[in-house]
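Read the structure below first, then the notes.
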Amino acid sequence: METEPFILDVVTLKRVVFSEPIESVVAAGTVGYFGILAGHTPFVSSLQVGITKITKPGGEKLSLFTSSGFLMTDGKKVILLAEAAERPEEIDAVRAQRAKERAEKRLTERPSDIDIDRARVALLRAITRLKLTRG
Amino acid sequence: MPGTKDIKRRIRSVISIQQITRAMEMIAVSRLKRAEDRLRSARPYAEKIQELMESLAPSLPRIDHPLLVKREVKRIGLVLITSDKGLCGGYNANVISRTTRFINEHPDKEVRLILIGRKGYDLFRRKTYPIDHTLLQISKEISLQEVKEISGVIVKGFQEARYDEVDLIYTRFQSAVSTQPIVMKLLPLESSEVLKKGSEVKGEPIFEPTAEEIMAYLLPKYLEAQIYKAMVESVASEQGARMVSMKSASENAEEMISALSLSYNKARQASITKELLEVTTGAEALRFAQKK
């Protein structure tokens, strides 16, 4: 189905990661993945760590790593606010691997002073990043 | 009049000071440029999160969140952003005098400090105010971890009722020569302050999961965005202040060098004249003696 392209802005605290017309976007909402096409009804969702899949006009696809944030749309444009957002080529695989090992160690050893939820999220972030670098 | 040697030594030392101030000025210029870039790229996020906050505003009164609780204000948490390094003109002095004024304006309240930057810490650790947290050596890029460290302290303190209100004093950056210490209220968040544009309600969007849950998720992030922006602005102001003060220091050094060169030349001329006078009077005296 041909749809009208609409603008997607992916913005983090530090920079604008993506700002282009697109055909559709699929993002990891806190209650599950959802997709947005042009003319979507006004919608706001919180996001969890995940992969945001973008389809550009003409069918070219792009995946971004996005960590927790929000997505909002008024039907004409979509704004995605995330704590961190990276294109696959920007991901530091070595660092992600190290973060993964660190988080795993924390979760298996469980020293009393750590925040289990934080370690879990860190692990999820690392795994998601690695998944994206491996295509 | 001091001898030519002394003056020469002074000129040399002023020149080397000037070289340092010039170098510092150049560094400040390039850091200021980077800080301004960061400030520019931080703007979209701040604007968008504001927009999101506004779209949630209609449901704000229904929301019962620990960061929105209003209590009678007895204890204030005060976050203060100063620099780690000096030689930046009145930058730190301005922030600190604004802080002192703030504390004097709240005489019946207990003010507890959260300090960012060494200069503020060096001053306030010698005073009697309780210091709850310090963050020194902030990185040039300002990492998310640093922002979270501060917001974590604030949120925890507010939730545990250690603070009934949290304010932030930072230096607003308008341009390199125009900066201003500002007091910004961080907590409790008030709907009236969130809605700067007079709340144009465009019909409530669909919220997933719910407006309440999104709000709970958003509030700490909104706070982080504000703290980050204040830190970035402060760093830009610091570099601006340093650039300006180093520029005037270099100019003062230039003036001093020219004044000293003048007195050096005078002293040199005086000594030449004196020597000449001695030689001629000597010769004159000899000739006079021979004539006799």
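Chains as they are written, first to last, in numbering that gives the first Met the number 0: chain A, 0 to 134; chain B, 0 to 291.
Glycine included, C-beta positions come from ideal geometry on N, C-alpha and C.
The alpha helix (DSSP H) enclosing residue i, as first and last residue numbers
i: V120/A; result: 115-132
i: Y32/A; result: Here Y32/A belongs to no alpha helix (DSSP H); instead the beta strand (DSSP E) covers 31-36.
i: K273/B; result: 210-290
i: Q49/B; result: 3-55
i: R117/B; result: 117-123
i: E108/A; result: 92-108
i: T98/B; result: 90-104
Residue of the options minimising C-alpha distance to residue i
i: E123/A; options: F5/A, P110/A, R101/A, D112/A; result: The sequence given here has Leu at residue 123/A, not Glu. Per the Cα distances, R101/A.
i: S174/B; options: E232/B, S40/B, N103/B; result: E232/B
i: S138/B; options: K73/B, K84/B, M23/B; result: K84/B
i: N251/B; options: V13/B, G2/B, R9/B, A288/B; result: V13/B
i: S142/B; options: P106/B, M230/B, C87/B; result: M230/B
i: M25/B; options: Q238/B, G2/B, G281/B, T272/B; result: Q238/B
i: I20/B; options: K228/B, Q158/B, E203/B, C87/B; result: Note on identity: in this sequence residue 20/B is Thr, with Ile being the wrong assignment. Minimum Cα distance to T20/B is reached at C87/B.
i: K13/A; options: L70/A, A81/A, L129/A; result: A81/A
i: Q18/B; options: D166/B, E104/B, A248/B, L275/B; result: A248/B
i: V10/B; options: E277/B, L261/B, L276/B; result: In the sequence on display, residue 10/B carries Ile and not Val. If we check each option's Cα against that of I10/B, L261/B comes out closest.
i: T81/B; options: L217/B, V278/B, A235/B; result: A235/B
i: A160/B; options: I226/B, I75/B, T279/B, I16/B; result: I75/B
i: P129/B; options: Q136/B, R33/B, K108/B, E203/B; result: K108/B
i: E207/B; options: V48/A, F69/A, I126/A, V10/A; result: F69/A
i: R94/A; options: D114/A, T11/A, L129/A; result: L129/A
i: R117/A; options: P56/A, E59/A, I90/A, V48/A; result: V48/A
i: I181/B; options: R39/B, R70/B, E283/B, S96/B; result: S96/B
i: V10/A; options: S15/B, L135/B, M23/B, R39/B; result: R39/B
i: I102/B; options: Q144/B, D166/B, E145/B; result: D166/B
i: I90/A; options: G28/A, I126/A, R105/A, P110/A; result: I126/A
i: A83/A; options: Y32/A, G34/A, I50/A; result: I50/A
Contact belief for residue i with residue j at Cβ below 8 Å, rounded distance in angstroms
i: L79/B; j: V94/B; result: 7 Å
i: K118/B; j: N91/B; result: 4 Å
i: T65/A; j: L46/A; result: 6 Å
i: L329/B; j: L67/B; result: Given that chain B is displayed from residue 0 to residue 291, the structure contains no residue 329/B and the question cannot be resolved.
i: L292/B; j: I153/B; result: Shown here, chain B extends from 0 to 291; a query on residue 292/B therefore has no answer.
i: E135/A; j: T54/A; result: An answer regarding residue 135/A cannot be provided, because it is not within the stretch 0 to 134 covered by chain A.
i: T98/B; j: I168/B; result: 6 Å
i: A210/B; j: S58/B; result: 4 Å
i: F42/A; j: P204/B; result: 5 Å
i: S44/A; j: G34/A; result: About 11 Å; that fails the 8 Å criterion.
Close-in-space but distant-in-sequence residues of the same chain around residue i (CB under 8 Å, 5 per side omitted)
i: D159/A; result: An answer regarding residue 159/A cannot be provided, because it is not within the stretch 0 to 134 covered by chain A.
i: G197/B; result: Model confidence at G197/B stands at a pLDDT of 44, short of 50, so the residue's coordinates are unreliable and nothing is read from them.
i: V176/B; result: G239, V243
i: F287/B; result: none
i: D131/B; result: G76, R111, L112, I113, V152, G156, R161
Start-to-end residues for the beta strand (DSSP E) that takes in residue i
i: T65/A; result: 60-65
i: E164/B; result: 164-174
i: V15/A; result: 15-21
i: K147/B; result: Per DSSP, K147/B belongs to no beta strand (DSSP E); it is in the alpha helix (DSSP H), 143-158.
i: G76/B; result: 74-80
i: H132/B; result: 130-134
i: E207/B; result: 205-207
i: A81/A; result: 76-81
i: I137/B; result: Premise fails: I137/B is in no beta strand (DSSP E) and is neither H nor E.
i: I68/B; result: Contrary to the premise, residue 68/B reads as Val rather than Ile in this sequence. Note, V68/B: premise wrong, no beta strand (DSSP E); not H, not E.
i: T11/A; result: 5-11
i: I62/B; result: Neither: I62/B is in no beta strand (DSSP E) and is coded neither H nor E.
i: K184/B; result: 177-186
i: V43/A; result: 42-46
i: L70/A; result: 68-72
i: G49/A; result: 49-54
Neighbourhood of residue i by C-beta, 6 Å cutoff - its chain only, sequence neighbours within 5 removed
i: E3/A; result: A37
i: I6/A; result: P20, K76
i: K52/A; result: V25, S62
i: A92/A; result: T132
i: Q179/B; result: R171
i: A34/B; result: V234, A235, Q238
i: K291/B; result: none
Spatial neighbours of residue i in its chain, beta-carbon cut-off 7 Å, leaving aside the 5 residues before and after
i: T3/B; result: Y263, A266, R267, S270
i: T133/B; result: L114, Y120
i: R37/B; result: V231
i: K73/B; result: K108, E109, D163
i: A27/B; result: Q238, R241, M242, M245
i: I113/A; result: R105
beta-carbon residue i near the ligand COA non-hydrogen atom, thresh 6 Å
i: A284/B; result: This structure simply doesn't include the ligand COA, nor any ligand for that matter.
Interface flag, residue i vs chain D, CB-CB below 7 Å
i: R101/A; result: Of the protein chains in the structure, A and B, none is chain D.
For this session: Inspect the CB distances between the segment 221-233 of chain B and the segment 246-263 of chain B and report whether three or more fall short of 8 Å.
Result: no
Exercise. Should the segment 236-250 of chain B be called in touch with the segment 44-61 of chain B, which here means at least 3 C-beta pairs below 8 Å?
Worked result: no
Exercise. Taking one C-beta from the segment 58-77 of chain B and one from the segment 135-149 of chain B each time, how about it: are there three or more such pairs within less than 8 Å?
Worked result: no
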